[in-house]
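Student:
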Amino acid sequence: MKIAELDLPKPAKDFLKAEGFSKLYPSQEDSIAAGLLDGKSILVSAPTASGKTLIATLAMLSYLSKNKGKVVYLSPLRALAAEKFSEFKKMEKIPLGKKIKTQISTGDFESVDKTLDKSDIIVLTNEKMDSLIRHGAEWVDDIGLVIADEVHLIGDQDRGPTLEMILTKLKLLQSKPQIIALSATITNADEMSEWLDCSLVENDWRPVPLSEGVYDGGSVTMHDGKFFEVEPTLRGPPVDLGAESVKDGGQSLLFAETRARSASLAAKAADIISRYLKNSEKNELENVSKKILKANEHTQLVKTLAELVKKGVAFHHAGLNQNCRETIETEFRKGTIKLISSTPTLAAGVNLPARRVVISSIARYNAKVGANIPISVLEYKQLCGRAGRPQYDDYGEAIIIGHSNSSELIDHYVNGEPEPIESKITADKSLRIHVLSTIVTSPGIKKDEIIDFFSQTLGGLQSRKSTIKFAVDIALRYLLDEDFLIKKGDRFVATAFGKKVSKLYIDPLTATFFRNAIENVSEGRKHTLGFLHLVSASEEFFPKFALRNKDY
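The C-terminal position of the sequence shown is numbered 551 in numbering that gives the first Met the number 0, with every residue numbered one higher than the one before it.
(1) Does HIS315 come out as helix, strand or coil in the three-state DSSP assignment?
(2) Would you give the residue range spanned by the alpha helix (DSSP H) that THR552 belongs to?
(3) Using the rule of at least 16 other Cβ atoms within 10 Å of the residue's Cβ for burial, across every protein chain shown, is LEU460 buried or exposed?
(4) Would ASP129 pass as a contact of LEU181 if the rule is Cβ separation under 7 Å?
(5) How should HIS402 be labelled, buried or exposed, when 16 other C-beta atoms within 10 angstroms of its C-beta is the threshold for buried?
(6) Helix, strand or coil: which one does DSSP assign to ALA294?
(7) Pair every Cβ in the segment 155-166 with every Cβ in the segment 79-87, then say whether three or more of these pairs are closer than 8 Å.
(8) Between the C-alpha atoms of GLU137 and LEU123, what's the straight-line distance to the nearest angstrom?
(9) Under 8 Å, with one C-beta from each stretch per pair, do the segment 422-429 and the segment 235-248 reach the 3-pair mark?
(10) From the DSSP output, in three-state form, read off THR326 for me.
(11) Using 8 Å as the Cβ pair cut-off and three pairs as the minimum, do the segment 388-404 and the segment 437-447 touch?
(12) Between SER251, LEU475, GLY216, which lies nearest to GLU448 when the distance is taken from Cα to Cα?
(13) CB-CB under 8 Å to LEU115, same chain, minus the five flanking residues each way: which ones, in chain order?
(14) Nearest by alpha-carbon distance to LEU253: which of ALA536, ARG354, THR511 is it?
(15) Where GLY68 and ASP189 are concerned, what is the direct C-alpha to C-alpha distance, given to the nearest angstrom?
(16) Give me whichever residues DSSP pairs with GLN102 in a beta bridge.
(17) Nearest CA to the CA of GLN177: which residue from ALA45, ALA48, ALA58, ILE358?
(18) Measure how close the beta-carbons of CYS197 and LEU42 come, nearest whole angstrom, since I'm counting them as under 8 Å.
(19) What whole-angstrom Cβ distance do GLY311 and LEU300 have, given they're in contact under 8 Å?
(20) Name the two residues that bound the continuous beta strand (DSSP E) containing MET221.
(21) Between the alpha carbons of SER340 and ALA255, how many angstroms are there, rounded?
(22) State the start and end residues of the unbroken beta strand (DSSP E) segment that holds GLN177.
(23) To the nearest angstrom, report how far apart PHE108 and LYS127 are at their CA atoms.
(24) What separation, rounded to the nearest whole angstrom, lies between the Cα atoms of GLU553 and PHE452?
(25) For GLY38, I'd like the list of residues in its chain whose CB is within less than 7 Å of its CB, leaving aside the five on either flank, ordered along the chain.
(26) Jot down the residue ranges of each uninterrupted beta strand (DSSP E) in the segment 19-102, minimum 3 residues, whole runs only, in chain order.
(27) Taking the alpha carbon of ASN202 as the point to measure from, which residue in GLN173, SER288, LYS170, GLY50 has its own alpha carbon closest?
(28) LYS337 by DSSP, collapsed to three states: which one?
(29) Need the endpoints of the alpha helix (DSSP H) that ALA268 sits in, please.
(30) So, is PRO352 buried or exposed, given that buried needs 16 or more other C-beta atoms within 10 angstroms?
(31) Given that a residue counts as buried once 16 or more other Cβ atoms are within 10 Å of its Cβ, and exposed if not, what is PHE469?
(32) In the DSSP assignment, find the unbroken alpha helix (DSSP H) run with PHE496 in it and report its ends.
(33) Over what stretch of residues does the alpha helix (DSSP H) that includes TYR379 continue unbroken?
(34) Within 10 Å of its beta-carbon, does GLU378 have 16 or more other beta-carbons around it, so buried, or fewer, so exposed?
(35) Quick check on the DSSP output: the alpha helix (DSSP H) that includes VAL308 runs from which residue to which?
(36) DSSP three-state label for PHE14, please.
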């Protein structure tokens, strides 16, 4: 199907053509057939880089051309939110009969952001949306279209429950907004679509064929049985593999398990990558380096990055400020920067494809268990989904650095299916936080109403009602005992303490810990060190840092 055939106003189609879109990908065609432009709610389960952002854009253009309500785009990451904001802001130029205003809000969970009331397209992180609901932002009732990106992250232990709560609340709004949920390929998509009460679009098509393999002992074994040798150097396998692709005219993404490791790999790659640069590219990279230094404070991190950029490489992680990250992303898309070494943040939606993706380790440190554990198949699929640049490459490659039997890794990761998405809403911490927020946003609510609400979450679908009831009972008992709530007749009402804690966006357990400690503080003395210790000992201050002998 061509863009010209879509049931959209001519200015919208002209905009899409100007952005380089002429024909739809299969998942986009399937979404149109499922009622995307007719206000139908849809869950799209498709591989990374298969065109899900255009699906969101089409839904927005259709909705804004017909309706006066608000469009909300939800992102799990600030970096992804910033990227999408830049893309969606271009729509302000489209003459759709009204002036479209786009805004972004990703931080400061204590504020309501009253200016958002004047916007048509609002880009938010999941946590910011949750905070706005807790603060009673009145414009939430005007939402007519919700785009929820990376919804497979509902299965995340820490941040998943927040997204699950948001979507549960939004689908229950009186305005009945259209919900477009975008997800990586998942195995229980039917269950997810049942929960969201929406049509399901599943498609495993990719714009660039993907070849996957495992490096072990100087050679790479691909999933189709082919293998090739890689000349080892002292730089290590990740750099050797990344440099080989750059030498052949491609770009490489190296995924590292930590920030320090990502910077280290970039430093090791710098000299070899610089050998493959043309003089014109070196001049351009020199200007990019100067741009980074001019726009940012000269910290050691920024100076190191600027030096590496001169040689065509960069590292990318959350320790860099937004300006640095955006500069790196822009120059990589342009092809100026040849190799990026990154933490897995880049896999979560930020659009930076490369010909070759190298996964330097399949292990991640898990602070809760105090050990390295293998990444999930779902995360692996997200990482390797970045392989292949649609405009430049006929193929993409994803290679795991293995330290065990290659065939086992291929069987588990390459041929394996992603894990089903499982709700984490019934965990004690999640229930404490979200039962309190549910009560705070109501004038008074009965226990049965709370149980009925949580029964409409994904966790409610995946669990027995008795399980939900038991979990809610435990949370209510704790919140009552610690004075976050009181009972008025058969209804629960939040106390001033409960309201403040919910709006501050902290765990009630942490608030109890702070309150009990502060109540025992004697007056007339300075307690700065004690308060700092109190903060560092809280549940939110996690993971705890391991101390070396010399630190004691």
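The C-beta atom is built at its ideal place from N, Cα and C for all residues, glycine as well.
Tutor: In brief:
(1) Here residue 315 refers to the residue found at position 316 when the sequence shown is read from its first residue. Residue state, collapsed to three classes: strand.
(2) Given a span of 0 to 551 for the chain in the structure shown, any question on residue 552 remains unanswerable.
(3) Along the sequence shown, one-based indexing puts residue 460 at 461. Flag for LEU460 reads exposed.
(4) For this step, residue 129 is matched to residue 130 along the sequence shown. For this step, residue 181 is matched to residue 182 along the sequence shown. Taking 7 Å as the Cβ cut-off, ASP129 and LEU181 do not qualify as a contacting pair.
(5) In the sequence shown, counting from the first residue as 1, residue 402 sits at position 403. When all chains shown are included, HIS402 counts as exposed.
(6) Position 295 of the sequence shown, counting from 1, holds the residue named residue 294. Of the three classes helix, strand and coil, the one that applies to ALA294 here is helix, per DSSP.
(7) no
(8) Here residue 137 refers to the residue found at position 138 when the sequence shown is read from its first residue. Here residue 123 refers to the residue found at position 124 when the sequence shown is read from its first residue. C-alpha separation (whole angstroms): 16 Å.
(9) no
(10) Taking the sequence shown and counting its residues from 1, the one referred to as residue 326 is at position 327. In the structure shown, THR326 sits in a helix (DSSP, three-state: H, G or I).
(11) no
(12) Along the sequence shown, read from residue 1 onward, the residue named residue 448 stands at position 449. Looking at the Cα atoms, LEU475 is the closest of the given residues.
(13) For this step, residue 115 is matched to residue 116 along the sequence shown. The residues are GLN102, SER104, ILE121, LEU131, ALA136, TRP138.
(14) Residue mapping note: residue 253 aligns to position 254 of the sequence shown, counting from 1. Of the candidates ALA536, ARG354, THR511, the one whose C-alpha sits nearest the C-alpha of LEU253 is ARG354.
(15) Taking the sequence shown and counting its residues from 1, one reaches residue 68 at position 69. Taking the sequence shown and counting its residues from 1, one reaches residue 189 at position 190. In a straight line, the C-alpha of GLY68 is about 29 Å away from that of ASP189.
(16) Within the sequence shown, the letter at position 103 stands for residue 102. Its beta-bridge partners are ILE121.
(17) Locating residue 177 in the sequence shown gives position 178, where the first residue counts as 1. Here the closest residue by C-alpha is ALA58.
(18) Mapped onto the sequence shown, residue 197 falls at position 198. Mapped onto the sequence shown, residue 42 falls at position 43. Between LEU42 and CYS197 the Cβ distance is about 5 Å, and since that is below 8 Å, they are a contact.
(19) For the purposes of this step, residue 311 is taken as residue 312 along the sequence shown, with counting starting at 1. For the purposes of this step, residue 300 is taken as residue 301 along the sequence shown, with counting starting at 1. The pair is not a contact, with the Cβ atoms about 19 Å apart (cut-off 8 Å).
(20) As a working note, residue 221 is residue 222 in the sequence shown. Run containing MET221: 218-221, per the beta strand (DSSP E) assignment.
(21) Working through the sequence shown from its first residue, we reach residue 340 at position 341. Working through the sequence shown from its first residue, we reach residue 255 at position 256. Rounded to whole angstroms, SER340 to ALA255 spans 7 Å at the Cα level.
(22) On the sequence shown, residue 177 is found 178 positions in, with the first residue counted as 1. From DSSP, the beta strand (DSSP E) with GLN177 extends over 177-182.
(23) Translated into the one-based positions of the sequence shown, residue 108 becomes position 109. Translated into the one-based positions of the sequence shown, residue 127 becomes position 128. Summary for PHE108: the model assigns pLDDT 49, below 50, so the residue's position carries little reliability; its value from the coordinates is reported in the next sentence. About 6 Å.
(24) The structure shown does not extend to residue 553, since the chain spans only 0 to 551, so no value can be given for it.
(25) Translated into positions along the sequence shown, residue 38 becomes position 39. GLN177, listed in sequence order.
(26) 41-44, 69-74
(27) Position 203 of the sequence shown holds residue 202. Minimum Cα distance to ASN202 is reached at GLY50.
(28) For the purposes of this step, residue 337 is taken as residue 338 along the sequence shown, with counting starting at 1. Reduced to three states, the DSSP call for LYS337 is coil.
(29) Against the sequence shown, residue 268 aligns to sequence position 269. That run of the alpha helix (DSSP H) goes 258-273.
(30) For the purposes of this step, residue 352 is taken as the residue at position 353 of the sequence shown. Classification for PRO352: buried.
(31) Position 470 of the sequence shown, counted from the first residue, corresponds to residue 469. By the neighbour-count rule (16 or more Cβ atoms within 10 Å), PHE469 is not buried but exposed.
(32) For the purposes of this step, residue 496 is taken as residue 497 along the sequence shown, with counting starting at 1. PHE496 -> alpha helix (DSSP H) spans 495-503.
(33) Here residue 379 refers to the residue found at position 380 when the sequence shown is read from its first residue. Element bounds for TYR379: 376-383.
(34) Taking the sequence shown and counting its residues from 1, one reaches residue 378 at position 379. Buried.
(35) By 1-based counting over the sequence shown, the position of residue 308 is 309. From DSSP, the alpha helix (DSSP H) with VAL308 extends over 299-308.
(36) For the purposes of this step, residue 14 is identified with residue 15 of the sequence shown, where counting begins at 1. The answer is helix: DSSP assigns PHE14 an H, G or I state.
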